[in-house]
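Numbering (the numbering used here), first residue to last: 8 to 205.
To start, the structure under review is shown below, and the notes come after it.
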């Protein structure tokens, strides 16, 4: 009887030890690269560049209001620009896998139809200023103007036609994003959003 109680106690204590060990194994951490220097293991952690801006000082209430509106518009369209970058990368990777020109055209038609289903209603609801901002941010994210993207994916004639339509409305699809000049306030706001300040 004593042996049976001892065996039961032993297995209960063993299971509690194993549960204690499993909770230790559930520690959270990061998987990182490492380098061994003189017998010491040193972690290698890559950090993204962080730009710090001084607090914004406004000269008038009107300037502050315009800045606040710009922040609101950028927060609305920036996710679409980032998503456009991801979608473009996926489309380019898929196009590389398709050997024939006919197959690529068919894939682009299907991809365009899917994108229209997913985003057409939302993008139609953008204001003109939000649309302009989206065009600039897509250039910022992809490194290509809207004209270049259309030409690459749909052909020169389609890009030319879209450019002419844009010109009728006073827009230019060939306009490049200028983070140091004309678009420096947009760049500052985007960086602040990415840093979690706004």
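Backbone N, C-alpha and C fix where the C-beta goes; we use that ideal spot for every residue, glycine too.
To which residues does DSSP link residue i through a beta bridge?
{"i": "residue 50", "result": "41"}
Near residue i, which residues of its chain fall below 8 Å by C-beta distance, leaving aside the five closest residues on each side in sequence?
{"i": "residue 99", "result": "none"}
{"i": "residue 156", "result": "95, 145 and 149"}
Between residue i and the rest of its own chain, which residues show a CB-CB distance below 6 Å, the 5 nearest in sequence each way excluded?
{"i": "residue 200", "result": "none"}
{"i": "residue 142", "result": "153"}
Between residue i and residue j, what straight-line distance do the alpha-carbon atoms span, to the nearest angstrom?
{"i": "residue 164", "j": "residue 158", "result": "8 Å"}
{"i": "residue 87", "j": "residue 38", "result": "30 Å"}
{"i": "residue 48", "j": "residue 111", "result": "48 Å"}
{"i": "residue 132", "j": "residue 152", "result": "22 Å"}
{"i": "residue 194", "j": "residue 41", "result": "34 Å"}
What residue range is occupied by the uninterrupted alpha helix (DSSP H) comprising residue i?
{"i": "residue 67", "result": "Run containing residue 67: none; DSSP gives neither H nor E here."}
{"i": "residue 187", "result": "Residue 187 -> no alpha helix (DSSP H), and no H or E assigned at all."}
{"i": "residue 145", "result": "135 to 149"}
{"i": "residue 126", "result": "108 to 131"}
{"i": "residue 159", "result": "153 to 161"}
Please report the Cβ distance between residue i and residue j, rounded to the nearest whole angstrom; I am assuming they are in contact, meaning their Cβ atoms lie under 8 Å.
{"i": "residue 160", "j": "residue 115", "result": "6 Å"}
{"i": "residue 140", "j": "residue 196", "result": "The Cβ separation is near 10 Å, so there is no contact."}
{"i": "residue 95", "j": "residue 149", "result": "6 Å"}
For residue i, collect the residues of the same chain with a Cβ closer than 7 Å to its Cβ; drop the 5 residues on either side in sequence, then sort them by chain order.
{"i": "residue 204", "result": "none"}
{"i": "residue 55", "result": "none"}
{"i": "residue 78", "result": "196 and 205"}
{"i": "residue 105", "result": "111 and 114"}
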